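Take the sequence shown: its letters are residues 57 to 588, numbered as in the numbering used here.
Using N, Cα and C, we set each Cβ at its ideal position, and we do this for glycine too.
Every value quoted in this text rests on a predicted model; they were computed, and no experiment measured them.
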Amino acid sequence: MTTAVLLHGGAVLGPDDERVRADVLVVDGVVRAAGTGLDVPVGAQRVRCDGRFVMPGFVDAHSHAGSSVSDPAVQLALLRQGVTTVVTGQDGVGPAPGDGSYADRYFAAIDGPHPTYRGGGIGALLDGYDGTTPINVATLVPAGTVRHEVMGDDPAPASADQIDAMRGLVRDGLAAGAVGLSTGLDYVPGLFADTDEIAALCAEVAAVDAVAVSHMRGGYEGNARAGLDELAEVARRTGVRTHVSHLHAPVDLAVAALADLAADGAPMTFDAYPYSRGCTILSMLLLPAALARPGTDDLARALAGAGGRDRVRAEVLARVTSRADLGADWAEQVTLSHVPAAAFHTLQGRTLADAGAATGRAPVDLALDVLVAAQSQVTAVMRVPRPRTADELAPLFRLPAHTAGSDGIFVGTHPHPRAYGTFARYLEQYAVTGRSTWAQAQRHLSTSAVEHLRLGRRGSVAVGAVADLVVVDPGRVRANATYEHPMQLADGIDDVLVAGVPVLADGALTHVTPGAGIRRDRGHVGSGTGGR
57 MTTAVLLHGG AVLGPDDERV RADVLVVDGV VRAAGTGLDV PVGAQRVRCD GRFVMPGFVD
117 AHSHAGSSVS DPAVQLALLR QGVTTVVTGQ DGVGPAPGDG SYADRYFAAI DGPHPTYRGG
177 GIGALLDGYD GTTPINVATL VPAGTVRHEV MGDDPAPASA DQIDAMRGLV RDGLAAGAVG
237 LSTGLDYVPG LFADTDEIAA LCAEVAAVDA VAVSHMRGGY EGNARAGLDE LAEVARRTGV
297 RTHVSHLHAP VDLAVAALAD LAADGAPMTF DAYPYSRGCT ILSMLLLPAA LARPGTDDLA
357 RALAGAGGRD RVRAEVLARV TSRADLGADW AEQVTLSHVP AAAFHTLQGR TLADAGAATG
417 RAPVDLALDV LVAAQSQVTA VMRVPRPRTA DELAPLFRLP AHTAGSDGIF VGTHPHPRAY
477 GTFARYLEQY AVTGRSTWAQ AQRHLSTSAV EHLRLGRRGS VAVGAVADLV VVDPGRVRAN
537 ATYEHPMQLA DGIDDVLVAG VPVLADGALT HVTPGAGIRR DRGHVGSGTG GR
């Protein structure tokens, strides 16, 4: 049975930012015509788009929503920003391969437990999204999970046999449709992988022209060049296409470094969001690697021994004060985001300095107590020493290598607002203000990620494209989520189609589930409708 939807009365964006009045006709999930005076099938559903732009669905190139896209609240948060596809398996951690238990434990405070995946690899994981969600889900092969499957949390260098086993798991995941490989080089066990190990895995990625995505080593910010240099070394050895996750750094440093590396034969793409603060698990920020495994009693045992608390306190303080993104005022810059331990729930949304004063504890002792009580499954928002304005971030966001990625975390009651606001905030601060054109915004929020990640024929409103489409009101688009009230829905995007089916209508969910697990398109960009 043929299904048709007509998006009537809106405009599409040309490459030079011209706004072209055009109806868009979608038939059986594909854009069939765009223009005026279209031959519309009898019975086609009509969506009025007057005064609004019809744009390709936005791609969240760095998402932690893979375990929560079945939650209507998460679906609404994403669709109200225009996000129709999320890319998961980030930071080297994800459910597959294996049975999902490692990711459920280690990233419990970031991804949350996956509701259905219990094994079967990347293929089974992607199958589980087909027809079960209104949002498409792509995934990366997570190198930390791969290492854990082969070596557990062993900090030793991988042997030749172990590297061969890891390469096999990467090959299997790519063959099953993963869009690339992710590494998390500040997380356990990813931080134990040396450059040779990373290069060996990336050789498998390069062999199929997939992409290597990395949370770099070393804490970003003023240390970003060291992390970029390691990725460049891997790229030169293997020829792998390289993408940097959530690039946080002084803008001049980042722009210059990316230009230098491209000139030296190691071009990179990257994702970044229009907020200055970051968010991650508190254990990674504070603890030495031996104690930084969420879901374990490692920290509690270390603190319980004779002189244990003094030793751990000293290690934590030395670590945080030496970090480029924290420093001496670290306790004022770290806000507790998600604390599952009931005794500390009321501290969510407070800085460690403020919470310490309220509880009569030194911030470092409070942090250790919170981590023990929650088995280290705690997230925190980090304020950089000096926030960056939209104008300051603009040179980074204007680079053709930039794609939008929220790094959005939906676990807990006081998340970073980037989960609820990244895409609307980008449009509000850049396209609406003229810091970018609307055509540039379309490319950065959709087209670039589709091309880099090989997501099939998406990322445009061209005839033949998969009809993942959003309707944007340029006069109303706004991110309402703030650090104080982080779960406010965005405004200005009220109608969204996925695979030609309305999934958001008049700002509300339609509760249909045409989304899919997107498999990497093995053809060239723009060929067919592949990737589903």
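In terms of residues, what are the limits of the alpha helix (DSSP H) holding residue i?
i: P128; result: P128 to L135
i: R223; result: A216 to A231
i: I254; result: T251 to A263
i: A180; result: G177 to D183
Just tell me which of the options has its CA closest to the CA of residue i.
i: A457; options: T189, L314, L63 and R367; result: L314
i: R379; options: G579, V395 and P441; result: P441
i: R281; options: D265, L342, V376 and V300; result: V300
i: G405; options: A564, H470, F466 and V226; result: H470
i: L338; options: V527, P330, W386 and L284; result: W386
i: D410; options: P306, V390, H401 and A398; result: V390
i: P190; options: V143, P198, P128 and L182; result: P128
i: M272; options: V125, A199, C105 and V235; result: A199
i: S238; options: D147, S516, H472 and A518; result: D147
i: F466; options: V125, R534 and G224; result: V125
i: V522; options: L69, P570, L241 and T336; result: P570
i: L392; options: V426, L81 and P211; result: V426
i: V372; options: R454, L343 and L382; result: L343
i: A328; options: A318, A322, P306 and Q544; result: P306
Would you report the Cα separation of residue i and residue j, rounded to the nearest angstrom?
i: G573; j: A133; result: 19 angstroms
i: M438; j: F326; result: 20 angstroms
i: P530; j: G91; result: 20 angstroms
i: D265; j: V395; result: 40 angstroms
i: T566; j: V559; result: 5 angstroms
i: A216; j: A460; result: 37 angstroms
i: M222; j: V206; result: 7 angstroms
i: A360; j: G416; result: 21 angstroms
i: L196; j: A255; result: 16 angstroms
i: A165; j: V434; result: 6 angstroms
i: A399; j: E388; result: 21 angstroms
i: D577; j: A291; result: 22 angstroms
i: G283; j: D106; result: 47 angstroms
i: M111; j: V552; result: 10 angstroms
i: D562; j: D550; result: 5 angstroms
i: V528; j: G548; result: 6 angstroms
i: Q218; j: T201; result: 14 angstroms
i: Q498; j: A374; result: 44 angstroms
i: V61; j: L81; result: 6 angstroms
i: L287; j: S270; result: 8 angstroms
i: T402; j: T188; result: 35 angstroms
For residue i, count neighbouring Cβ atoms within 10 angstroms of its own Cβ and tell me buried if that reaches 16, exposed if not.
i: E484; result: buried
i: R474; result: buried
i: G122; result: buried
i: E74; result: exposed
i: V226; result: buried
i: R42; result: With the chain covering 57 to 588 only, the question about residue 42 has no answer from this structure.
i: V98; result: exposed
i: R102; result: exposed
i: H580; result: Residue placement at H580 is poorly supported in this model, since its pLDDT is 45, which falls under 50; the coordinates still yield a value, given next. By the 10 Å Cβ count, H580 comes out exposed.
i: P153; result: buried
i: E277; result: buried
i: M324; result: buried
i: H170; result: buried
i: V554; result: buried
i: R367; result: exposed
i: H304; result: buried
i: M340; result: buried
i: R510; result: buried
i: E540; result: exposed
i: V68; result: buried
i: T445; result: exposed
By the DSSP assignment, the beta strand (DSSP E) with residue i in it spans what residues?
i: H204; result: Not the beta strand (DSSP E): H204 falls in the alpha helix (DSSP H), residues A199 to M207.
i: I465; result: Here I465 belongs to no beta strand (DSSP E), and DSSP marks it neither H nor E.
i: T141; result: V139 to T144
i: T336; result: G334 to I337
i: A89; result: V86 to G91
i: Q101; result: Q101 to R104
i: L403; result: Run containing L403: none; DSSP gives neither H nor E here.
i: G236; result: G236 to G240
i: P112; result: F109 to P112
Measure how close the beta-carbons of residue i and residue j come, nearest whole angstrom, since I'm counting them as under 8 angstroms.
i: R349; j: V506; result: At roughly 36 angstroms, the Cβ-Cβ gap does not stay under 8 angstroms, so R349 and V506 are not in contact.
i: L347; j: A362; result: Wrong, their Cβ atoms sit about 17 angstroms apart, outside the cutoff.
i: G150; j: T144; result: 6 angstroms
i: G66; j: R108; result: 5 angstroms
i: A259; j: T294; result: 5 angstroms
i: D463; j: H302; result: 5 angstroms
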